[in-house]
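Enquirer: Residue numbers (the numbering used here): 9 to 414.
Cβ atoms here follow ideal geometry from the backbone N, Cα and C, with glycine treated the same way.
1) If you count every other CB in all the chains shown that lies within 10 Å of the CB of residue 397, and 16 or more means buried, which is it?
2) Looking only at C-alpha atoms, which of 374, 150, 269, 127 sits nearest to residue 229?
3) Quick check on the DSSP output: what are the complete beta strand (DSSP E) runs of length 3 or more inside the region 143 to 226, in order along the chain?
4) With burial defined as no fewer than 16 other Cβ atoms inside 10 Å of the residue's Cβ, what is the status of residue 93: buried or exposed?
5) Identify which residue in 205, 211, 403, 165 has its Cα closest to the Cα of residue 181.
6) Would residue 221 be called buried (16 or more neighbouring beta carbons within 10 Å of its own) or exposed?
7) Using alpha carbons as the reference points, say which of 263, 345, 129, 163 lies closest to residue 7.
8) Runs of 4 residues minimum, wholly inside the region 359 to 412: which ones carry the alpha helix (DSSP H) assignment?
9) Nearest to residue 296 by alpha carbon, out of 167, 375, 345?
10) Considering only DSSP beta bridges, list what residue 281 is partnered with.
11) Run through the DSSP bridge pairs and tell me what residue 229 is partnered with.
12) Starting from the C-beta of residue 187, find all residues in its chain whose C-beta is less than 6 Å away, skip the five residues before and the five after it, and write them out in chain order.
13) Counting Cβ pairs closer than 8 Å, one from the region 154 to 166 and one from the region 125 to 136, do we hit at least three?
14) Could you tell me whether the Cβ atoms of residue 303 and residue 125 are closer together than 8 Å?
15) Using only alpha-carbon positions, find the residue among 375, 390, 409 that is nearest to residue 136.
16) In this structure, does DSSP put residue 243 in helix, strand or coil?
17) Taking DSSP as the reference, what is the three-state secondary structure of residue 348?
18) Quick one: Cα of residue 156 to Cα of residue 169, how far?
19) If you drop the 5 nearest sequence neighbours on each side, which residues of the same chain put their C-beta closer than 7 Å to that of residue 343?
20) Taking C-beta to C-beta, are residue 291 and residue 275 nearer than 8 Å?
21) Along the chain, where does the alpha helix (DSSP H) that runs through residue 123 open and close?
22) Taking its Cβ as the centre, do 16 or more other Cβ atoms sit within 10 Å of residue 356, making it buried, or is it exposed?
23) When the Cα of residue 176 is compared with those of 379, 207, 329, which residue comes out closest?
24) State buried or exposed for residue 145, treating a residue as buried only when at least 16 other CB atoms are found within 10 Å of its CB.
25) Would you mind sorting residue 236 into buried or exposed? The rule is 16 or more other CB atoms within 10 Å of its CB.
26) Rounded C-beta distance between residue 158 and residue 200? I'm assuming under 8 Å.
27) Which of the three DSSP states, helix, strand or coil, is assigned to residue 340?
28) Ends of the alpha helix (DSSP H) at residue 315?
29) Taking the CB atoms as reference points, tell me whether residue 198 and residue 252 lie closer together than 8 Å.
30) Leaving aside the five residues before and after residue 400 along the sequence, list all residues of the same chain whose C-beta is less than 6 Å from its C-beta, in chain order.
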């Protein structure tokens, strides 16, 4: 019977496409699909292209739809990077009569290839550091402490020695900064813990006390002028976990509020959005990144309350439903439910895999899928999209940062 195919394409680097075309691989060209179209995501809407010509950034998504496809391959012509410079590996898809689409052989990146990608990313990160010793530029200058700590965390977790002059310089710079903003304080705590278990206990205690004081009554954290959200909450919990690992005591009530809030906020579908629905306000769309954030928060809080059996049971039920949602919506090519925060999502996926000892998500080998994608998406200069945060999150995924480094 007739089968339809939807294929989402991403590009490793910015490209301006002259055309996309279907080339039949069957004799006489009889295999070309009878009905096909291209669409591009503009904001949150899919726009059908009159012809397959457009410019695409690395975050763009080009969607191809076809029916009655037999044997064919999709070739992409790029007028910027020389003709045929951006062929999407001559994607070959095959339809067999009355049979499902056959499995496609999947490349498995070896550890040497992964290590090379990490080394290239680290070099770009070091070279991209500004003359002022920070990576903060443009809008991120509002978060100098968080940016500095994230860069340090990515380098340290990627294998940079704790006594490397760059690591020690970042530690010294952070020590002179006033604690402000949840992300920034949280990332500083995570970085300091990654550098040493013993050296920076006093500063870690300051970070933990600051974060505890900023927790909202609903159990989450947020920006001073906004509603509490799961992203801020996730990083606050990761920081408190880091503090607890060096012997700093965190009050039980902190974790109790987290569990109570996330149990209350879970949607009927099991997933989570950036800001939960409260007091009649509409909830944000459910996404992979925020569902992963909720799972990480629940795992940290539940393990911190081993004797609270009532909350343990509630948390376990919520975790089960959230994991079911994540399994059903799994993807590494984009953040499920969103076309933003792609690399942030991958770091969250890595955390779920590590915290819950999951080798697969959605019946897929999540690390192999993600590593294969990141190796293909890495730019020639070693970065991911020439973007500081994306490069940090890519390195943290590849290095399995939730379980490596000390």
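Expert: Working from what's here:
1) As a first step, residue 397 must be located in the chain shown, where it is residue number 389. Under this definition residue 397 is a buried residue.
2) Taking the chain shown and counting its residues from 1, one reaches residue 229 at position 221. When C-alpha distances from residue 229 are compared across 374, 150, 269, 127, the shortest belongs to 269.
3) none
4) Counted from its first residue, the chain shown places residue 93 at position 85. The predicted model places residue 93 with a pLDDT of 35, which falls under 50 and marks its position as unreliable, so this point remains unresolved.
5) For the purposes of this step, residue 181 is taken as residue 173 along the chain shown, with counting starting at 1. Shortest Cα-Cα distance from residue 181 to any of 205, 211, 403, 165 involves 211.
6) Walking along the chain shown from the start, residue 221 turns up at place 213. With fewer than 16 other Cβ atoms within 10 Å, it is exposed.
7) Because the chain is modelled from 9 through 414, residue 7 falls outside the range shown and cannot be assessed.
8) Runs of the alpha helix (DSSP H) inside the region 359 to 412: 374 to 385, 396 to 406.
9) Here residue 296 is taken as the residue at index 288 of the chain shown, counted from 1. Looking at the Cα atoms, 345 is the closest of the given residues.
10) Taking the first residue of the chain shown as 1, we reach residue 281 at position 273. Bridge partners of residue 281: 294.
11) Here residue 229 is taken as the residue at index 221 of the chain shown, counted from 1. Looking at the DSSP assignment, residue 229 forms a beta bridge with 237.
12) Within the chain shown, residue 187 is the residue found at index 179, counting from 1. Around residue 187: 193, 218.
13) yes
14) For the purposes of this step, residue 303 is taken as residue 295 along the chain shown, with counting starting at 1. For the purposes of this step, residue 125 is taken as residue 117 along the chain shown, with counting starting at 1. No, the pair does not count as a contact, with Cβ atoms beyond the cut-off.
15) Taking the first residue of the chain shown as position 1, residue 136 is located at position 128. Comparing Cα-Cα distances from residue 136 to each of 375, 390, 409, the minimum goes to 390.
16) In the chain shown, counting from the first residue as 1, residue 243 sits at position 235. The answer is helix: DSSP assigns residue 243 an H, G or I state.
17) Position 340 of the chain shown, counted from the first residue, corresponds to residue 348. In the structure shown, residue 348 sits in coil (DSSP, three-state: anything other than H, G, I, E or B).
18) Translated into the one-based positions of the chain shown, residue 156 becomes position 148. Translated into the one-based positions of the chain shown, residue 169 becomes position 161. Each residue's Cα considered, the two are about 17 Å apart.
19) On the chain shown, residue 343 is found 335 positions in, with the first residue counted as 1. Excluding residues within five positions, the ones whose Cβ falls inside 7 Å are 295, 296, 297, 349, 350, 353.
20) By 1-based counting over the chain shown, the position of residue 291 is 283. By 1-based counting over the chain shown, the position of residue 275 is 267. Result yes, Cβ atoms of residue 291 and residue 275 sit closer than 8 Å.
21) Sequence index remark: in the chain shown, residue 123 carries index 115 (1-based). Residues 119 to 135.
22) By one-based count along the chain shown, residue 356 stands at place 348. It counts as buried.
23) Looking up residue 176 in the chain shown gives position 168. It is 207.
24) Position 137 of the chain shown, counted from the start, is the residue given in the question as residue 145. Result: exposed.
25) As a position in the chain shown, residue 236 is number 228, starting the count at 1. Answer is buried; the Cβ neighbour count reaches 16.
26) For the purposes of this step, residue 158 is taken as the residue at position 150 of the chain shown. For the purposes of this step, residue 200 is taken as the residue at position 192 of the chain shown. The Cβ separation is near 13 Å, so there is no contact.
27) One-based indexing of the chain shown puts residue 340 at position 332. Secondary structure at residue 340: coil, using DSSP grouped into helix, strand and coil.
28) As a working note, residue 315 is residue 307 in the chain shown. Element bounds for residue 315: n/a, residue is neither H nor E.
29) Looking up residue 198 in the chain shown gives position 190. Looking up residue 252 in the chain shown gives position 244. Not in contact: residue 198 and residue 252 (Cβ atoms no closer than 8 Å).
30) In the chain shown, residue 400 corresponds to position 392, counting from 1. Answer for residue 400: 158, 162, listed in chain order.
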